[in-house]
Each structure stands twice: as structure tokens, then as C-alpha cells.
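Visitor: Can you keep this structure in mind? I'll have questions shortly.
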Amino acid sequence: MSALPGTVHTMTYREALRQGLRSVLLTQPDVFVIGEDIGKYGGCFAVTKGLLEEFGEQRIRDAPLSESAFVGAGIGAALAGMRPVVEIMTVNFSLLALDQILNTAATLSHMSGGQCAVPLIIRMATGAGRQVAAQHSHSLEGWYSHIPGLRIVTPATIDDAAGMLRAALAFRDPVIIFEHMNLYNLQGELTAEAERADIERAAVRRAGRDISLITYGASLYKCLAAAERLSARGVDAEVIDLRVLRPLDEQTFLASVRKTHRALIVDEGWRSVGVAAEVGMRIMEQAFYELDAPVERICGVEVPIPYAKHMEEAALPQIEQIVSLAASMVKHAG
Amino acid sequence: MSALPGTVHTMTYREALRQGLRSVLLTQPDVFVIGEDIGKYGGCFAVTKGLLEEFGEQRIRDAPLSESAFVGAGIGAALAGMRPVVEIMTVNFSLLALDQILNTAATLSHMSGGQCAVPLIIRMATGAGRQVAAQHSHSLEGWYSHIPGLRIVTPATIDDAAGMLRAALAFRDPVIIFEHMNLYNLQGELTAEAERADIERAAVRRAGRDISLITYGASLYKCLAAAERLSARGVDAEVIDLRVLRPLDEQTFLASVRKTHRALIVDEGWRSVGVAAEVGMRIMEQAFYELDAPVERICGVEVPIPYAKHMEEAALPQIEQIVSLAASMVKHAG
Amino acid sequence: MSALPTREHGLHLLAEMLRIRCFEDRCAELYSAGKIRGFLHLYNGEEGVAVGVMQALRSEDDIAGTYREHGHAIARGIPMRSIMAELYGKLEGCCRGRGGSMHIFDRERRFYGGNAIVGGCLPLAVGLALGARLTGRNAVVVCFFGEGAMAEGEFHESMNLASLWRLPALFVCENNYYAMGTALDRSEAETNLVTKLSSYRMRAESVDGMDVLAVEARARELVDYVRNERSPAFLEARTYRFRAHSMYDPQLYRSKAEVKEWESKGPIIGLTQRLKAANLMSEADFLQLQRAANAEVDEAVAFAEHGSLERVEDLTRFLYAEQPA
Amino acid sequence: MSALPTREHGLHLLAEMLRIRCFEDRCAELYSAGKIRGFLHLYNGEEGVAVGVMQALRSEDDIAGTYREHGHAIARGIPMRSIMAELYGKLEGCCRGRGGSMHIFDRERRFYGGNAIVGGCLPLAVGLALGARLTGRNAVVVCFFGEGAMAEGEFHESMNLASLWRLPALFVCENNYYAMGTALDRSEAETNLVTKLSSYRMRAESVDGMDVLAVEARARELVDYVRNERSPAFLEARTYRFRAHSMYDPQLYRSKAEVKEWESKGPIIGLTQRLKAANLMSEADFLQLQRAANAEVDEAVAFAEHGSLERVEDLTRFLYAEQPA
Ligand SMILES: Cc1ncc(C[n+]2csc(CCOP(=O)(O)OP(=O)(O)O)c2C)c(N)n1
Ligand SMILES: Cc1ncc(C[n+]2csc(CCOP(=O)(O)OP(=O)(O)O)c2C)c(N)n1
Ligand SMILES: [Mg+2]
Ligand SMILES: [Mg+2]
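Residue numbers (this note's numbering), protein chains in the order written: chain A, 4 to 337; chain B, 4 to 337; chain C, 339 to 663; chain D, 339 to 663.
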């Protein structure tokens, strides 16, 4: 993964994830991978392609369709001193393993009085936008971030895709890495930043004075595009990439709001009781008197995602929505 | 369940639930019950006690330890024209059935273009406060209310315990009824109100002018007690019982906030990304300019609930906290 | 070796399989053309299973399946046009274009999908069977699923519950030897699937899924058993998926030679040869069936092409049921 | 009939069972006295299983269990005082008083709980066994669970995975014939539990859990098999729960007579009679063992009584691990 200082490599988000995984497999003998079709098949999103050939069946373990058992296997192996990286193909299937994730992985360290840390990494694909319909389009990362004991991260950039796994391994806690399906083919430059990736802080992806667009994951690119269009209209938007949904780094977005006095949260997940509500509530609690307008949110419409393209698009946040709402927020409160 | 107009019966919340269930079993032949130990054992919280003897094994079906299969069995039976009432002993075990609940029950009607409604009722006990520790003390009703397609209700009174099941059966949607473990022994009067119970509106349980205490479930009683103490301090608190967490009846609490201009939300569930954040965000979005102070929330501390009594209490909202925070909110903004 | 059918029935079975094959091949073209999107799982090679089993069912029986269900939907008698329109995401589709390939539903024909969660259809089928029992309908519920689903906990729970409660369900495992890229022996410690049902005291049999006549015979026997004994049964149909798992699959996990060999044992070739050898069908008959299947698919495509789009304002419709209880 | 032990070993086994019985009886009293709260599931009648199996284990072996785990914890050598302090919710408890009765953990002794979700310990045990394998330890993981757990999907997934990956785990099913109030034949279509393991090609045996010597012998054999063949195994121990499921159970589902009959076959009575009959133990020996057990429990209770409470400020401690990787 070493990008020599200065040098840059252009690659896809998928390749960056693979490089990140490969580099920890090379440097940490206690790391191994479990998942469905990660080996012989090459990974359902090809992230693990070639790893079986390079690292062998002991470290790249194809699992049967048994989400609960192989996640539990990761938990137990973590207790036994290994550093398992469990891939659940997509968040849609993770519900079958939720008992192990919530009642065991997230709970053991605290419940055992600190005796049993669970240094487990779980990777899963998330998100909608590929017309795979109601049961394959969930965006539940915000929902998962309700659970104490877990660390929830959402790499949105090439550097984060490459670097966050190593950063996650620096903790001995269960960490879930959510990879948005629409980002796998994203092209970008891998920089030395990847080496410095962390899983504790949000990032300001675009600085601005007039309004804070707070988002994460694939929606980051919708917000950046919206920010460009807004600047054409004379609105200078700041774009915050939360990066970590639990524990939430509130300082970064609170500082932004104290500067811009307006915030619009963009979250592909269902609107009610989602991470957007949490961000809005934290702003209410800690920056109420700084606000020149009520915080607003643009989220996924609260329906199972339909297959038809136009209906799916209607169910997800769109750039135009962001632009017009942000513009009106600035105008009104201006 | 018929309380003749005027007459009242004193009973426990448990008995009210049983009466509600018994009355629909008597009047609706398509209603039947599935659950672990609801028959021979008499129900783990004795809600179904005596029903097997009265209605027989066809309608009171003891199920093996197979949460996913018997919830799915309820879904299929609902599709086939029955009105199953599935009891999952406690919300803590419902995680094993979450795939069926989210990917099938909540999704089928919309995904099938309206062909396949799922008129399924699920009852489960929820909540902490009985020293049953980390894996048996979850309050996930707010978390469940993130899921579109479900109706989530939280009866807190004797009338709602007796009447909400019948009200739920008036819909052909999956409805989850969350019964707080600490309420089963609550004593109270069953009134004719039970007949008019609905699952669409929140209720003002105490009228007040100075601040809105917004809550649901067992926390209602903490808020009512806090309101009494506050009135002694000259603070007149209004207490709102949300009753229904999905779809959320925002009109009732927004009207209250427009009157009091201050809101404190009390929710036993974990703080981040919970229903308290949602209520706060709705107030931000729709009543921002009515607020004389930022909305605040008192929630469960974000840890697995510990066994030791003093630690468990420290993890849950307490009356004193509510009183002092509410008082200071009124004072400051006064 | 299964018994020979009458000419009429033989041609009917072949026609059904050809309709499915033709539909699936067209779907592959339409996917490349961008007309069909999302995930697409084709049934080529497995037609004998759906067609054979469907022969044993009545209109009051219920069906549940997976994301690889086009063949079952067609064999059940759902009009191709309503399926194709669904794959096009059009309002005229059986689910208004909301479900797509993985979620075909047709309540009228008691076709309950179309479940994209592996194993997810099993508990549902148990419930449909319980419902059939409790509503007093003498119906049988047939649930189709892949062998990969047998590793899921839901398989175990569902088989036990169906047997414990003696529910009228036939569980048809389409064993095509792979779950995506995972070969059976890399997902099951015991690869003899029928053995597993002894854990549930459930009658279980295995059949050559490439012989539609054998499948039909076995299915009739088991469906009668389920209907009369009011006990569930399990049928393993050994078959093979001729195409990729979905349109994204590079098929690194199996050799071209293996695929070729299975193709030569395909259900359509097999029946065609037998009918011809027994002089029950001429080449002209065969070509006629193919033309008919093609024409039907053409018509379905034209229908889908001219279909309309659901109004965006209806996005939240049916989230909750419209008709009250 | 199992072989007679030496006097020393016989007295050791009896002492272990008496320690557990005495501890559990005291817990019941302390619960009524309000000293112990929450859910409390006692092991009376089942002592022979934990004690017998523990004889076959080494310090490097791992153990996982359920909410009914006091007996296993004691037999594993976790000091009674640290268990009792845990039940009191005191800081001196093995989990600082955070876990209580259902969550006994002792990392040092490789005792991994203490899981209150039925079936939840099975995937964990699979993982511990995988970890033992991958870290190169020649350890065996023993997982105790009730027969009720066998209906859960996690049982099915875990058995298959353990066998498929040939993991060093021994799964001990404590078949006490009831899951709360649900009798075995009302939860399993096939009540012969050993049969079920053929679905996973796993070696499986059954033993009289009321005969501690038989349990020990079987366990030694199977633990050796698991350690040497590096394959998992399953052991059903047929036993009975003398007390209520938990302190809230009115026991409507079984008769007093049934309980009485099983009590007469209890593991302690049984071994006591055999040792006496073989003149390996005198009544005085027996009374001496009882006194010792009582004294140990007295000491544990005194320790718990004088224990301290965790500081409320530490509520969020250990939510995340303190030592970095
Ligand atoms: C619970 C779950 N896990 C994983 C997947 C991804 N997936 C879709 S199909 C499939 C293979 C299923 O194989 P099998 O059951 O044999 O059916 P087949 O595709 O061979 O017909 C997998 C792993 C899923 N849809 N659901
Ligand atoms: C998943 C789950 N469902 C239900 C419960 C409630 N419950 C606790 S113990 C128990 C019975 C378990 O019986 P068994 O496995 O035979 O163990 P035993 O109590 O007999 O030792 C039940 C239903 C639970 N803890 N977890
Ligand atoms: Mg398959
Ligand atoms: Mg039992």
C-alpha cells in the first residue's frame, strides 16, 4: 500500500480496499479473512480477488451460507487471539447475524468487566442505486450506529478505502466497515494520506462559509457536486464527511456549524430515527444559539427501495434537491 | 374486555393484556397465537396464562426455540388469510428473527405492488430495570421504529394494554406491540377508554404550560412523577405519551411545544440514533422558531445494561434527572 | 428411467421448458442491451424441475421461491408479458415494476415470490402451509430453493417446525451443486442432502432434475402424500445451472468442460431425444414449439416495451395496506 | 454400568458435585432473601455433567456455556467467592458485578461465559475452536448447552461449520428434557438427538448424565478424539433439572411425581450409594465432604457480603477495550 511520499497511484475504490486488506495480510500474521465466496469466486464485489491464491485457504476462508455462525466464528477467533476480518457480502444479509453482533460482539468486553475484548473487523457492502430492489438496497450503517460497543466507519475516498482497515486494527474493538456499492468502481488517487487514515475523526472535504453539508459514504459525492453548483449561485458550502458514525466525531461538524450557522444533513438511509436525526439533535443540543436557520435533512424516502430506475431515484437524495434546499436555507436566513 | 360505560375494573397491565388478547380470540376466529411457552408454561410473563385451556392447541401454539421460523410462520399464515399474533418472549431474542421482520414482513406489501399485505401482530416484552443484565435488558423499540412498513406501538396504560391489540387488528399491516417488563405488575383501572384505544395518536397524559416532557412506555411514569415534583417547584409540565413510535404522531407533540416552547424527551433506549433524536429533529424542523430553549433529551446511557442494581440505575433515566434538567430549562429560558 | 408420456403430454412438457429457455435467453440479451437492470439470475438447465413439479399442483396450491424464479412463474401460468414488464420496471409488471427479476409475485395465482434472501422463503412457506391448514383449505405449499440455502439456520428451523406441526408443504431443493461459486462439498460437511431430513423425521427423496418426466412422477407422488397424509416432504432435484450465477459472475470456480458435459444432459435435449426416438414428436413439431415460444416472448417484449412507468407520486403507496381489515 | 473409581477419585468427584449442589441451594436461599437478583437458573440434578466433563480437560482448553453455568464455573476451578460476589453484584465478582448469574466469565481460566441467548454460545465456540487451530494451540473447546438450543438455526449452522472445517470442539448437550416448560417432544420432530449429528458427519454419542463416572469416561474418550483427530464431536448427557427453570417458574408443565422419580436417580445419591456399597467411602467421609462444601460456600457468601460496589463513574469503562492492539 506504500505510496512513496509524493508519488500517487490512480486506482479504483475496490483496488484500494484490496490493497489495504493485502497489506495487513502481509504484515500481520494474525489477520485472516472469512466470508462467502471471497476465495474461489473472487469476492462478490471482487474486493478479495487473488487473495486466496496469494495467501491460501487457511487465511482466506470461504464460508457456507451461515451468516450467524461465521460471524460468531470471527468473534470466537478474536477472543482466541486472532484478528479476523469477516466479510458479510452485503448489509442486507447481516440481519441474520445481528444477534451475534449485538448480543455478543458489542457486549462482551463491557459485560465481562473488561476481560473479553472482541477485536473483530466486519466488512460489508451497503447502499442503494443499482436497481437491486427492496431486499438488496438497504443503507443500515446509521441504524447500526445506535449500538454501543461497536465502531462504525464508512470510507468514502480512495485513501480511506485503503487505510481504514489498518486503522481499525489498531483498536481491539468490533469495527464494522461499510463500503458503499456505488463506490467500488470509483476512480481516484491513492496518496500518502492513506497511511494516516484514522477511524476517529470526520473530515472537511470542502471548505465553505455559508452552509455546512454534512454527509458520509457515497452521498459525499452528491454533496460535493451540489457544492459546485451552489458556488455558481454564489453560495459557498462546506462539505463534511462524517467518516465515522460511531463514536460520532461531533467536534468537526459543530465547528463547521459555528462558522456557517446553517446545516443540511444528507443521508441515503431512511429518514426517521437515522444518523441524520442524531447529527441534527447534537447541533440542537450544542450549537442551538449559533443557528441562523433550523437544521434540515435530506434522506432516503421511507419505503423499501423499488426496482424501477425512476422510482429508485425518487427514493434517494438527489443533487438538485440538495442544491435547492441549501440555496433556500441560505437565502431565507441570509 | 367490555367495561360497561361508567363501570371500572382494577387490574394489572398483565391482566389487561390478557383480556385484550382473550377478547379478540373470542370474537375473531381467524386470530391465533404462536410463541415460546405461551401454552403449557403459561407465558414467560403469564400474559397468556389460561388461554391454552380455553382455546386449545390449534389457537394457542407453543413453538420451539426457533424465532426466525415461527415469526416467518406468522408472516405466511397472515398471507394465507389468518390473523396471527406472534409472541417473541422479549425484544432481546427478536434479533434472531429480524431478517423475517425487516426483509419480509415490512417489505412484502410495497415490493409486491400492493398484492401481499402482511396483517401480522408481534408482541414482545422490552426494557431494563430488573437486573437481568446486558443481553436481557434491551430497549430497542425506538430502533425498530426506523423500519418503514412496520407500525410500532408502546402501550403504557391499562387501557392501552387492553385495547391496542384490537386497534392493531383493524390494520392489515405488521404491527409490533412492545410491552415494558416493568409494567406487567402495574395496577390500574380499566375504563371504557380501552374500547376507543387507537394506534395512531399520541396522548397528553398531563396538561401543562411551561415545558413538554415527551416520552413513552414505562418512562411515562417517571415523567408523571417528575411533573408532580416540578409543580411543587412552580413548574407546570405537560407530559406527552407518544404511544406510537411508527408512524410517529408529530402533531400532538408539536402542538404541545408550540404552547410550552420547551421540550425534554425522556427515552430509556440508548441515546444516539434513537427515537429521542427523531422527536428532537422533528421539533427542530417544524417548530424551531417556537423554541425558547434547545430541546434536550435524557436517555439510556450508551452501555450494555449492567447487572448490579446501582449500576443499572445509573444507566437509566431517573426522576431526579428529569426534574432538575426540566427545571433548569425553564429557569434559563424563563 | 422414467416412463414415456403420451404425445400430447410430452409435447406439453417440452413446450413449457422451451418457453422458459426462450424467455431466459431473451432476458440475457435484454440485459446486455440495458433493458433489464439490477440482478438477473437465469434458470437455464433447471427447467425440468419447475415444469415437472408444477404438473402436480392445483390452482389452490401455494408457491414460494427464490430470486431465480422466472421459470417457476412461467410454469405456474403467470403471463410472460406481466413478468417481462416487471423486468422492464414497468407499471404493467406483476409488481408494478417495483420488484424486478428477484421479486415476481402474483397473488391471484398464489405465487408468493421471489425472495432474494437465501433461505428467506422457507419460514414463509411454513407459514403458508400453517395458514392453509388453519383456514381449512386442502392445499399444498411448494417451496423451491437452492442447495446453498440448506446451510442456513432458517432451513433447520423451518424443516423442524413443518414436521413437528405436520404442515402440508413440499420443499423442493434445486441442487445445482453450486451456491454462487461455492461447490456443495465446500459448504456442507454431509453432501448427501436427503440424509439431513432424518433430523426432522421428514420423508425425503431425490430425483434426476434433468429428467422432467421423473421429476413430474416424483412430485405427483409426494404432493399426494403431503395432501393426504398432511405431512411435509422434501424432494432434492439434482440439476445444473448452465449460465453464470448472475450477470456479474466470471465463473472462475468451474471449468468450461464441466459445463459442456452437463449441457449434454440438459432437460430439453433429453426429452426431445426421447420423444423423437419413440416417434412421439417430429422435427417439425419441435420447430413449431420453438416458434411458438419465440412468438410468445416477442409478444411479451413488445408488451413490456410499450408499457408505462409508475407515477413517482405513488412511491409511498402500498407501504401500508390500502384496504382496511 | 460404569467402572468403579479409586477411593480418592471417587471422593473427588463427589466433593465437586456437593460443592455445586451446596452452592446452588444457597443461591436459592439468597435469592429469596433478596441478596441475589435478576434471573437465576440453578443446576441441581445436572452436576454430574459438568463435573464429569471437566475431568477430561486441561488448563489450555476453552469452555463456553449458557446462563445455567454456575456448576461449570465451579467445576472449572473458578473460586466460589468470585462467583458469589458476582451474583451479589459486587466489584470483587469475576465480572465486577456487571454480569450476574447469567454471565460468569473468567478469562484466566478460559471460561467464556455465561451466554443468555439460547444457542448463542455455539457460534462462539466454533470461533474459539477456529482460533485454537489458527494460533497453533492443541486445545479443545467444550461448549455446554441445553437440548432446547438444538431447534435454533445457530445450532445447525455451527455444527456444520465445525465439522466442515474440522475444528477441535466438543459440543455437550445437557438434555434435561425441558426447555423452560416445553418438553422435548413438543419442540423436536425427531427426539433422538444423536441422530441429528449425522446431518453434519459429526461423531455423536449419548450418555447417562446422572452417572458422573460414565460421563467422565465418555468425555475423556471424546476429548481425546477431538484433540487427536482434530475433528469435532457431540455428546448428549441425559439429565434432569430438579428445580424450577428459573425463580419465576410455577412448573405447571410437569408433575411432582416425575420430579421425585428423577431425584431418586440423582448423580450425588447415585455415586454416594456406589462408593458406600463398595466400601470406598464411609458416612463420616460423606459428612466431612458436606461440611467442607458448606464451609466453602459460607466463606464465599461472607466474601460477597463484605465486597464493594463498582464506582458509578466507571459505568462506561470497558465499553471499548482499554489496552491498544
Ligand atoms: C442470506 C443471504 N446470503 C447471501 C446472499 C447472496 N447470494 C445470493 S444467491 C447466493 C447463492 C445461493 O445458492 P443456492 O441456494 O444454491 O441457489 P442457486 O443460486 O444455486 O440457485 C448467494 C450467496 C443472499 N442473497 N442471501
Ligand atoms: C434465543 C432465546 N430465546 C428464548 C430465550 C428464553 N429462554 C431462556 S432459557 C430457555 C429454555 C432453554 O432450554 P434449554 O436449551 O433446554 O436449556 P435449559 O434451560 O433446559 O438448561 C428459554 C426459552 C432465550 N434466552 N434466548
Ligand atoms: Mg445452488
Ligand atoms: Mg433443557
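Think of the CB as a built atom: it goes at the ideal place given N, C-alpha and C, for glycine as much as any other residue. Owing to the predicted nature of the structure, the values given are computational and were not obtained by experimental measurement.
1. Among the candidates C:T654, C:V650, C:V639 and C:L653, whose CA atom is the shortest distance from the CA of E362 (chain C)?
2. Going by other Cβ atoms of all chains shown within 10 Å of its Cβ, with 16 needed for buried, is I401 (chain C) buried or exposed?
3. Would Y563 (chain D) and A552 (chain D) qualify as a contact pair, given that the criterion is a beta-carbon distance under 8 Å?
4. If you pair each beta-carbon of the segment 350-362 of chain D with each one of the segment 376-391 of chain D, do three or more pairs fall below 8 Å?
5. Quick one: which unbroken beta strand (DSSP E) runs of 3-plus residues sit fully inside the segment 268-326 of chain A? Chain order, please.
6. State the beta-bridge partners of P87 (chain A) as determined by DSSP.
7. Between B:A108, B:H149, B:C47 and B:V36, which has its C-alpha nearest R249 (chain B)'s C-alpha?
8. Which of the three DSSP states, helix, strand or coil, is assigned to V470 (chain D)?
9. Output the boundary residues of the alpha helix (DSSP H) element that contains A159 (chain B).
10. Among D:L380, D:R612, D:I412 and D:E621, whose alpha-carbon lies nearest the alpha-carbon of Q393 (chain D)?
11. Could you tell me whether any Cβ in chain C is nearer than 8 Å to the Cβ of T51 (chain B)?
12. Below 7 Å, is the gap between the Cβ of G484 (chain C) and the nearest heavy atom of ligand 3?
13. Starting from L257 (chain B), trace the alpha helix (DSSP H) in both directions and tell me its first and last residue.
14. Between T743 (chain C) and chain A, is the shortest Cβ-Cβ distance under 8 Å, so that the two count as touching?
15. Can you pull the chain D residues whose beta carbon is under 8 Å from the beta carbon of V304 (chain B), in chain order?
16. Measuring alpha carbon to alpha carbon, tell me which of D:A616, D:L625, D:A470 and D:H644 ends up nearest S420 (chain D).
17. Which residues, taken in chain order from the segment 99-113 of chain A, show a beta carbon closer than 7 Å to some beta carbon of chain D?
18. Are the segment 435-450 of chain C and the segment 117-133 of chain B touching, with three or more C-beta to C-beta distances below 8 Å?
19. Can you name the residues of chain A whose CB is closer than 7 Å to the CB of E288 (chain B)?
20. If you reduce the DSSP assignment to three classes, tell me which class S5 (chain A) lands in.
21. Using a cut-off of 8 Å between C-beta atoms, extract the partners of Y591 (chain D) located in chain B.
22. Can you grab the Cα-Cα spacing for the pair T51 (chain B) / G130 (chain B), in whole Å?
23. Residues of chain C with CB closer than 8 Å to the CB of P320 (chain A), please, in chain order.
24. If we define contact as Cβ-Cβ less than 8 Å, is M585 (chain C) a contact residue for chain A?
25. I need the DSSP call for A500 (chain D), collapsed to helix, strand or coil.
26. Looking at ligand 1, does it come within less than 7 Å of M518 (chain C), judged from the CB to the closest heavy atom?
27. Would you list, in sequence order, the uninterrupted alpha helix (DSSP H) runs of no fewer than 4 residues that lie entirely inside the segment 156-198 of chain B?
28. Quick one: what's got a C-beta closer than 7 Å to E354 (chain C)'s C-beta in the same chain, skipping five residues either side?
29. Output yes or no for whether 8 Å exceeds the beta carbon distance between R38 (chain B) and A66 (chain B).
30. Expressed to the nearest angstrom, what Euclidean distance is found between the alpha-carbon atoms of F377 (chain D) and S140 (chain B)?
31. Of the choices A:E293, A:E70, A:E90 and A:Y219, whose alpha-carbon is the least far from that of E492 (chain D)?
32. Pull up the distance between the alpha-carbon of G283 (chain A) and that of V333 (chain A), whole angstroms please.
33. Can you list the residues of chain B that F377 (chain D) reaches, using a CB-CB cut of under 9 Å?
34. Comparing the C-beta of L20 (chain B) with each C-beta of chain D, is any distance below 8 Å?
35. Less than 6 Å between C-beta atoms, sequence neighbours within five positions excluded: which residues of the same chain meet that for D549 (chain D)?
36. Are there 16 or more other CB atoms within 10 angstroms of the CB of V178 (chain B), so buried, or fewer, so exposed?
Guide: In short, the structure shows the following:
1. Stepping through the third sequence from its first residue, residue 362 (chain C) is reached at position 24. Of C:T654, C:V650, C:V639 and C:L653, the residue nearest in Cα terms is C:V639.
2. Here residue 401 (chain C) is taken as the residue at index 63 of the third sequence, counted from 1. Its Cβ being crowded by 16 or more others within 10 Å, I401 (chain C) is buried.
3. Position 225 of the fourth sequence, counted from the first residue, corresponds to residue 563 (chain D). Position 214 of the fourth sequence, counted from the first residue, corresponds to residue 552 (chain D). Cβ atoms of Y563 (chain D) and A552 (chain D): not closer than 8 Å.
4. yes
5. 299-303
6. Looking up residue 87 (chain A) in the first sequence gives position 84. For P87 (chain A), which the question treats as bridged, DSSP gives the partners A:F35.
7. The count along the second sequence starts at 1 and reaches residue 249 (chain B) at position 246. Per the Cα distances, B:H149.
8. Mapped onto the fourth sequence, residue 470 (chain D) falls at position 132. Inspection of the sequence shows that residue 470 (chain D) is occupied by Ala rather than by Val. If DSSP states are grouped into helix, strand and coil, A470 (chain D) belongs with the helices.
9. Here residue 159 (chain B) refers to the residue found at position 156 of the second sequence. Careful: A159 (chain B) lies outside any alpha helix (DSSP H) and carries neither H nor E.
10. Locating residue 393 (chain D) in the fourth sequence gives position 55, counting from the first residue. Checking every option, the nearest Cα to that of Q393 (chain D) belongs to D:I412.
11. One-based indexing of the second sequence puts residue 51 (chain B) at position 48. For T51 (chain B), the answer is no, since every Cβ of chain C falls outside 8 Å of its Cβ.
12. Residue mapping note: residue 484 (chain C) aligns to position 146 of the third sequence, counting from 1. Yes.
13. As a working note, residue 257 (chain B) is residue 254 in the second sequence. L257 (chain B) -> alpha helix (DSSP H) spans E253 to T263.
14. Chain C is shown from 339 up to 663; residue 743 (chain C) falls before or after that span and cannot be answered.
15. Within the second sequence, residue 304 (chain B) is the residue found at index 301, counting from 1. Ordered by position in chain D, the residues that pass the 8 Å Cβ test against V304 (chain B) are L653 and T654.
16. The residue you call residue 420 (chain D) lines up with position 82 of the fourth sequence. When only C-alpha atoms are compared, the closest one is D:H644.
17. D102, Q103, N106, T107, S112 and H113
18. yes
19. Taking the first residue of the second sequence as 1, we reach residue 288 (chain B) at position 285. Here the neighbours are P297 and E299.
20. Position 2 of the first sequence, counted from the start, is the residue given in the question as residue 5 (chain A). In this prediction, S5 (chain A) has a pLDDT of 46, which is less than 50 and means its spatial position is unreliable; what the coordinates show is noted afterwards. Coil, per DSSP.
21. Locating residue 591 (chain D) in the fourth sequence gives position 253, where the first residue counts as 1. Going along chain B in sequence order, the residues near Y591 (chain D) (Cβ under 8 Å) are K43 and Y44.
22. As a position in the second sequence, residue 51 (chain B) is number 48, starting the count at 1. As a position in the second sequence, residue 130 (chain B) is number 127, starting the count at 1. Cα to Cα, T51 (chain B) sits roughly 19 Å from G130 (chain B).
23. What you label residue 320 (chain A) is simply residue 317 of the first sequence in a count that begins at 1. Correct list: empty, because the minimum Cβ distance to chain C is about 14 Å.
24. Here residue 585 (chain C) refers to the residue found at position 247 of the third sequence. Answer no: the Cβ-Cβ gap between M585 (chain C) and chain A never drops below 8 Å.
25. Taking the fourth sequence and counting its residues from 1, the one referred to as residue 500 (chain D) is at position 162. It is helical.
26. Against the third sequence, residue 518 (chain C) aligns to sequence position 180. Yes, since a heavy atom of ligand 1 falls inside the 7 Å radius drawn around the Cβ of M518 (chain C).
27. 161-172
28. In the third sequence, counting from the first residue as 1, residue 354 (chain C) sits at position 16. Cβ neighbours of E354 (chain C) beyond the five flanking positions: V389 and A413.
29. Looking up residue 38 (chain B) in the second sequence gives position 35. Looking up residue 66 (chain B) in the second sequence gives position 63. Residue 38 (chain B) is actually Gly in this sequence, not Arg. Closer than 8 Å, so yes.
30. For this step, residue 377 (chain D) is matched to residue 39 along the fourth sequence. For this step, residue 140 (chain B) is matched to residue 137 along the second sequence. Using only the alpha carbons, I get a separation of about 11 Å.
31. Translated into positions along the fourth sequence, residue 492 (chain D) becomes position 154. Closest by alpha carbon: A:E70.
32. For this step, residue 283 (chain A) is matched to residue 280 along the first sequence. For this step, residue 333 (chain A) is matched to residue 330 along the first sequence. Going from the Cα of G283 (chain A) to the Cα of V333 (chain A) covers about 17 Å.
33. Position 39 of the fourth sequence, counted from the start, is the residue given in the question as residue 377 (chain D). Going along chain B in sequence order, the residues near F377 (chain D) (Cβ under 9 Å) are R133, Q134, V135, A136 and H139.
34. Against the second sequence, residue 20 (chain B) aligns to sequence position 17. By this cut-off, L20 (chain B) is not an interface position.
35. Start at 1 with the first residue of the fourth sequence, and residue 549 (chain D) comes out as number 211. Excluding residues within five positions, the ones whose Cβ falls inside 6 Å are S340.
36. Sequence index remark: in the second sequence, residue 178 (chain B) carries index 175 (1-based). It counts as buried.
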